[in-house]
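FYI, the numbering for the sequence shown is 626 to 929, going by the numbering used here. The beta-carbon is built from N, C-alpha and C at its ideal position, and this holds for glycine as well. So the structure is just underneath, and the comments pick up after that.
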Amino acid sequence: MDIDAEISAVLAEVKVLELSTITRDGGLNTRPMSSVWFPETRQIVLTTPVAYPQKAMNVRRDGRVALLYSDFAGSGLAGAPAVLVQGTATVPEGVATPQDLREFWRGVMRKSPALAEQAADAEFRRSMDWYFWRLPFYITPERVRRLEPAETGGSPPPPPGGGEPMAAQIADALERYPTAVFAARDEQGYPQAARAVVTRAGADGALRVRPVQQFAGAPGAANLLWHRHDGGPGEMSTLLVTGSAGAEGGDWTFVPERIPGALPLGQDQGSHQAWIADARQRSLRYLERRGMEPPELDWKVFTG
């Protein structure tokens with residue numbers, strides 16, 4: 626495994642990567658994430674709030690993961706290759722505070738300086754403390770592949786609400802995004818991901834998926850992730866659809882099955898304040914079930 630200076634720069638500078646983990650039923654969950662690359666230990670570190678622990682639970686059952694560095698928005702990496710990392714992740718028990726992860730948060734702030742300004746605001750601290758109760762992922766790269774860059778991004782929000790039918794959300798994504806992240810498991814069982822152009826395959830809802838990067842996935846459980854971000858602290862649009870895929874020459878046929886975590890039809894996602902209130906309750910339930918108290922945060926990690 627060779628991580629040369631060019632690949633190391635991609636691992637260090639990309640602001641949002643796509644992490645694929647293996648679900649309880651052997652399928653995949655692919656989500657956009659922030660990360661920090663530590664070349665001295667050759668580890669990649671990510672974190673997720675305890676309000677949204679599913680990725681961490683996946684890793685605790687099966688540590689095989691894939692990280693696709695394909696979206697260079699805001700990174701300054703003109704002409705750089707995309708990179709696929711396959712490896713093994715661990716998620717320790719317990720909850721990590723910013724003071725437990727000082728170097729990680731310094732790395733995040735280097736790429737997103739606005740975080741320090743937010744953390745200095747008293748109202749932000751009161752409403753968003755739960756966001757910094759984190760589950761860390763420590764990933765050891767085992768296979769690293771250099772890929773051709775692909776078109777990313779997409780038209781700005783708002784996409785359809787989360788309570789819209791899956792067919793309507795997919796139809797919007799096909800118009801909104803030039804490519805999606807296509808993920809499946811390879812012959813060794815590891816997640817595998819690549820950017821792909823997605824179009825309709827027929828009237829039955831199936832989709833034609835044409836990878837535009839090297840892809841070594843196997844037929845079976847798969848997912849498509851469409852997303853965009855602006856390279857800064859602005860809003861992100863994202864749609865994940867799980868299903869199954871079969872190969873047809875260089876193309877694939879993907880049969881959508883569901884949107885993980887989708888709202889009931891007709892239900893609106895609600896306001897930003899409603900999201901904060903819901904996430905806080907999720908966080909407190911996570912701690913309560915494990916007999917843990919809300920941890921104290923040292924905000925000087927961000928402002929000191």
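Taking the Cβ atom as the reference point for each residue, do residue i and residue j lie within a distance shorter than 7 Å?
i: residue 712; j: residue 764; result: yes
i: residue 878; j: residue 809; result: no
i: residue 762; j: residue 671; result: yes
i: residue 716; j: residue 675; result: no
i: residue 867; j: residue 852; result: no
i: residue 738; j: residue 776; result: no
i: residue 928; j: residue 747; result: no
i: residue 909; j: residue 885; result: no
i: residue 655; j: residue 760; result: no
Starting from residue i, follow the beta strand (DSSP E) in both directions and report where the run begins and ends.
i: residue 713; result: 707-715
i: residue 852; result: 845-853
i: residue 773; result: Element bounds for residue 773: n/a, residue is neither H nor E.
i: residue 669; result: 668-674
i: residue 658; result: 653-658
To the nearest angstrom, report how far apart residue i and residue j are at their CA atoms.
i: residue 849; j: residue 799; result: 11 Å
i: residue 874; j: residue 750; result: 53 Å
i: residue 844; j: residue 699; result: 34 Å
i: residue 846; j: residue 924; result: 42 Å
i: residue 784; j: residue 657; result: 17 Å
i: residue 926; j: residue 651; result: 38 Å
i: residue 796; j: residue 653; result: 22 Å
i: residue 892; j: residue 829; result: Below a pLDDT of 50, predicted positions are generally treated as unreliable, and residue 892, at 46, falls in that range; no measurement from the model is reported.
i: residue 687; j: residue 752; result: 34 Å
i: residue 685; j: residue 647; result: 10 Å
i: residue 890; j: residue 663; result: Here the model assigns residue 890 a pLDDT of 44, short of 50, so the residue's position is not dependable and the matter cannot be decided.
i: residue 822; j: residue 677; result: 29 Å
i: residue 792; j: residue 815; result: 29 Å
i: residue 725; j: residue 833; result: 45 Å
i: residue 835; j: residue 818; result: 12 Å
i: residue 689; j: residue 754; result: 30 Å
i: residue 883; j: residue 869; result: 11 Å
i: residue 740; j: residue 896; result: 22 Å
i: residue 915; j: residue 703; result: 46 Å
i: residue 681; j: residue 714; result: 9 Å
i: residue 743; j: residue 722; result: 17 Å
i: residue 790; j: residue 831; result: 15 Å
i: residue 781; j: residue 801; result: 8 Å
i: residue 669; j: residue 922; result: 23 Å
i: residue 683; j: residue 811; result: 17 Å
i: residue 906; j: residue 918; result: 13 Å
i: residue 774; j: residue 913; result: 44 Å
On the DSSP letters alone, give me the boundaries of the alpha helix (DSSP H) that residue i sits inside.
i: residue 646; result: It is not in any alpha helix (DSSP H) - residue 646 instead sits in the beta strand (DSSP E) that spans 642-647.
i: residue 928; result: 925-928
i: residue 748; result: 747-753
i: residue 679; result: 679-686
i: residue 801; result: 791-801
i: residue 877; result: Looking at the DSSP string, residue 877 is not in any alpha helix (DSSP H); the run it does join, the beta strand (DSSP E), is 876-883.
i: residue 921; result: No alpha helix (DSSP H) holds residue 921; DSSP gives it neither H nor E.
i: residue 837; result: From DSSP, residue 837 is part of no alpha helix (DSSP H); its letter is neither H nor E.
i: residue 729; result: 727-736
Do you know whose CA, among the options, lies nearest residue i's CA?
i: residue 772; options: 915, 687, 709, 868; result: 709
i: residue 920; options: 684, 757, 666; result: 757
i: residue 637; options: 805, 899, 901, 665; result: 665
i: residue 767; options: 882, 660, 902, 667; result: 667
i: residue 632; options: 706, 725, 802; result: 706
i: residue 806; options: 794, 906, 778, 746; result: 778
i: residue 824; options: 770, 788, 881; result: 881
i: residue 659; options: 907, 854, 630; result: 854
i: residue 734; options: 661, 918, 679, 770; result: 661
Validate contact between the region 836-844 and the region 631-650 using beta carbons, cut 8 Å, 3 pairs: no
The region 684-698 in contact with the region 719-731 per 3-pair CB rule at 8 Å: no
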